[in-house]
Amino acid sequence: MAVVLVVAVAVVFGLLVKEIYSWYRLSHVPGPFWHGITGFSMARAALNGSVHEYYMELHEKYGPLVRIGPNTVMFSDGDTLKKISSTRSKYIKGEWYAIGRTTPGEDHLFSMRDEEKRKYLKSKMGPGYSGLENGGFEAGIDKIVAAFVDLIDRKYISTAKDFRPMDMASKSTYFALDVISELGFGTPYGFLKEDRDLYQYVATKDAFFPVMITMGNVPWLATLMHSWPLNLGLPKSGDSAGFGALMGFAETFVDGRLAPDTKPGRDMIQSFINAGLTREELTQEVYVETIAGSDTTATAIRMTLLSLLSNPQAFTALRAEIDTAISKKMISSPIKDSEARFMPYLQAVIREGFRLYPPSTGIVSKQVPSEGDVIHGYRLPPGTQLGENVCSIGRSKGIFGPDAHLFRPERWIEAAMSDDEERYKAMISTTDMVFGFGKFYCMGRNIALMELNKIFVELLRRILDNA
0 MAVVLVVAVA
10 VVFGLLVKEI
20 YSWYRLSHVP
30 GPFWHGITGF
40 SMARAALNGS
50 VHEYYMELHE
60 KYGPLVRIGP
70 NTVMFSDGDT
80 LKKISSTRSK
90 YIKGEWYAIG
100 RTTPGEDHLF
110 SMRDEEKRKY
120 LKSKMGPGYS
130 GLENGGFEAG
140 IDKIVAAFVD
150 LIDRKYISTA
160 KDFRPMDMAS
170 KSTYFALDVI
180 SELGFGTPYG
190 FLKEDRDLYQ
200 YVATKDAFFP
210 VMITMGNVPW
220 LATLMHSWPL
230 NLGLPKSGDS
240 AGFGALMGFA
250 ETFVDGRLAP
260 DTKPGRDMIQ
270 SFINAGLTRE
280 ELTQEVYVET
290 IAGSDTTATA
300 IRMTLLSLLS
310 NPQAFTALRA
320 EIDTAISKKM
330 ISSPIKDSEA
340 RFMPYLQAVI
350 REGFRLYPPS
360 TGIVSKQVPS
370 EGDVIHGYRL
380 PPGTQLGENV
390 CSIGRSKGIF
400 GPDAHLFRPE
410 RWIEAAMSDD
420 EERYKAMIST
430 TDMVFGFGKF
440 YCMGRNIALM
450 ELNKIFVELL
460 RRILDNA
């Protein structure tokens with residue numbers, strides 16, 4: 000009995016020493032006391048959907064670097080993001096990326112933390128994301144834009160006697176899912192054609208994402224979820240709905256494309272096959288393309304549209320620019336990506352939407368290298384997880400002005416016409432950080448921007464046609 004008591008006391012003492020050391024090693028970094036002991040506050044904010052607001056409140060109170068967990072700190076400025084993401088930086092992806100794993104023990108390009116393996120895989124996938132091997136992306140996006148417009152024409156044009164509301168939150172997700180499947184796999188999933196949540200995928204995603212965000216703020220939860228016996232409850236290939244149904248589709252699709260008698264496609268997956276990706280690598284990339292490539296774009300669409308509808312001045316200005324472009328035959332139907340880039344107010348709207356409402360608000364932490372680092376005057380020991388607050392970066396008053404919290408596309412027009420060229424460049428580079436920076440830059444950026452360049456014009460064109 001005495002031996003058991005001694006062992007118990009020793010274990011408790013050891014855990015106490017570990018907690019004290021964990022708290023002490025970053026105790027010099029500003030932040031709430033309890034953040035040095037537990038990630039509960041961050042987890043609670045993530046679960047109730049207010050974590051991005053909590054991030055900004057922390058920086059307003061404690062400054063540009065704040066402690067948000069026992070081994071995690073977060074910054075709020077673009078210069079730090081550039082520093083840790085440069086091609087010569089020794090930082091690697093942090094523990095946060097574990098939430099991206101769909102299969103325990105298996106990584107894809109997004110979740111992979113091994114720097115050399117990630118660079119090698121990225122080099123093989125680059126041509127597919129550029130569109131160089133599959134004829135580009137514009138025709139595929141135009142096809143899905145046309146399907147979206149057709150859906151509106153068929154089911155959602157209201158009349159004086161027949162009011163037909165449309166849920167843009169779900170429809171924007173259907174659109175983004177069909178685009179990424181068309182470009183990635185050569186055929187759309189069919190969400191827009193069916194106008195419903197196939198396999199209950201969207202409902203499952205919406206329910207699970209708060210859990211994923213929570214695990215991102217409390218990294219050990221992700222490790223726990225992928226460990227036995229909890230991993231028995233994770234989605235499995237062959238499930239009739241949700242992520243499991245997607246996994247089953249991915250395996251069946253990849254096996255079909257790898258079959259000896261299958262005709263090569265003209266899509267991103269074919270480019271990856273040509274580059275030598277294995278069956279497992281291909282399957283994992285189908286997952287990440289579907290999840291990451293759709294939800295981020297859908298978020299940008301619905302939040303930018305919400306901002307436009309809440310700002311009559313901006314909405315009217317964009318409609319006027321589109322109306323003028325149509326009347327002067329400056330744009331095609333559907334609009335070409337190259338034409339959209341020369342519509343200044345449209346570009347201002349897109350950038351303003353990204354700036355205020357980044358498609359992802361995750362901290363996407365990077366790991367401090369073995370020699371440690373100094374950020375904003377605070378020494379960070381090796382292994383510290385350094386996260387970013389992309390919302391605060393995009394709302395910097397020093398870069399975007401005293402009204403940085405407002406949706407005002409005119410700020411981009413004013414900056415472009417001013418003599419302060421450096422400030423305009425800073426605004427552009429800072430907003431581009433929603434896609435990451437340097438060696439951590441999002442490879443799907445050009446696809447997302449092409450979707451946005453087209454969808455807003457074509458949706459508002461329908462309003463003009465039916466006004």
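Going by numbering that gives the first Met the number 0, the first residue of the sequence shown is number 0, and it counts up by one from there. Glycine included, C-beta positions come from ideal geometry on N, C-alpha and C.
Original post:
Taking the Cβ atom as the reference point for each residue, do Tyr284 and Leu108 lie within a distance shorter than 8 Å?
Top reply: Reading off the sequence shown, one finds Glu at residue 284, where the question assumed Tyr. Yes, they are a contact pair.
**OP:** State the start and end residues of the unbroken alpha helix (DSSP H) segment that holds Phe208.
**Re:** Its alpha helix (DSSP H) spans residues 200-216.
**OP:** Report yes or no: do the region 449-462 and the region 299-313 share at least 3 C-beta pairs separated by less than 8 Å?
**Re:** Because the criterion of three Cβ pairs below 8 Å is met, the region 449-462 and the region 299-313 touch.
Subject >> DSSP state of Asp166 mapped onto helix, strand, coil >> reply: DSSP, read as helix, strand or coil, puts Asp166 in coil.
Original post:
Starting from Val65 and walking both ways along the beta strand (DSSP E), at which residues does that stretch end?
Top reply: Membership of Val65 in the beta strand (DSSP E) is indicated by the continuous run 64-68.
**OP:** Return the CA-CA distance between Val8 and Ile36, expressed in angstroms with no decimal places.
**Re:** Here the model assigns Val8 a pLDDT of 48, short of 50, so the residue's position is not dependable, and the following value carries that caveat. So the alpha carbons of these two residues sit roughly 21 Å apart.
Original post:
Rounded to whole angstroms, how far is the Cβ of Ala469 from the Cβ of Tyr198, which I believe are closer than 8 Å?
Top reply: Outside the modelled stretch of the chain, which goes from 0 to 466, sits residue 469, for which no answer is possible.
Original post:
With a Cβ-Cβ cutoff of 8 Å, do Tyr286 and Leu233 count as a contact?
Top reply: No. Outside cutoff.
Original post:
Below 8 Å, can you find three or more Cβ-Cβ pairs linking the region 44-62 to the region 199-218?
Top reply: Yes, the region 44-62 touches the region 199-218.
Original post:
How big is the Cα-Cα spacing for Thr360 and Thr295?
Top reply: Looking at the backbone, the Cα of Thr360 and that of Thr295 are separated by about 10 Å.
**OP:** Would you please state the rounded distance, in angstroms, between the beta carbons of Phe271 and Gly127? I believe it to be under 8 Å.
**Re:** Taking the Cβ atoms as the reference, Phe271 lies roughly 5 Å from Gly127, within the contact range of under 8 Å.
Subject >> For Phe314, three-class secondary structure by DSSP >> reply: Three-state DSSP puts Phe314 in a helix.
Original post:
If you check the beta carbons only, do Ser364 and Glu114 fall under 8 Å apart?
Top reply: No.
Original post:
Hey, would you say Ile392 sits closer than 8 Å to Leu80, going by beta carbons?
Top reply: For Ile392 and Leu80, yes; Cβs fall inside 8 Å.
Original post:
Are there 16 or more other CB atoms within 10 angstroms of the CB of Pro103, so buried, or fewer, so exposed?
Top reply: Classification of Pro103: exposed, given that the 10 Å Cβ count is below 16.
Original post:
Using the C-alpha atoms, what's the distance from Pro29 back to Ile454?
Top reply: Straight-line Cα distance between these residues: approximately 43 Å.
Original post:
What are the partner residues of Val373, as DSSP defines its beta bridges?
Top reply: The partner list for Val373 (beta bridge, DSSP) reads Arg378.
**OP:** Return the residue from the list Ile330, Thr282, Ile427 that minimises the CA-CA distance to Val348.
**Re:** Closest by alpha carbon: Ile427.
**OP:** Can you tell me which of the three DSSP states Phe74 falls into?
**Re:** In the structure shown, Phe74 falls within a strand segment according to DSSP collapsed to helix, strand and coil.
Original post:
Using the rule of at least 16 other Cβ atoms within 10 Å of the residue's Cβ for burial, across every protein chain shown, is Arg485 buried or exposed?
Top reply: The question about residue 485 has no answer, for the chain in this structure spans 0 to 466.
Subject >> Coil, strand or helix - Ile36 by DSSP >> reply: If DSSP states are grouped into helix, strand and coil, Ile36 belongs with coil.
Subject >> Three or more C-beta pairs below 8 Å linking the region 256-275 and the region 415-423 >> reply: The region 256-275, when compared against the region 415-423, does not touch it at the 8 Å Cβ threshold.
Subject >> Buried versus exposed call for Ala206 [16 or more other C-beta atoms within 10 Å across all chains shown] >> reply: Exposed, by the Cβ-count rule.
Subject >> Val6 (DSSP reduced to helix, strand or coil) >> reply: Note that Val6 has pLDDT 47, beneath the 50 cutoff, so the model's placement of it is unreliable and no number is given.
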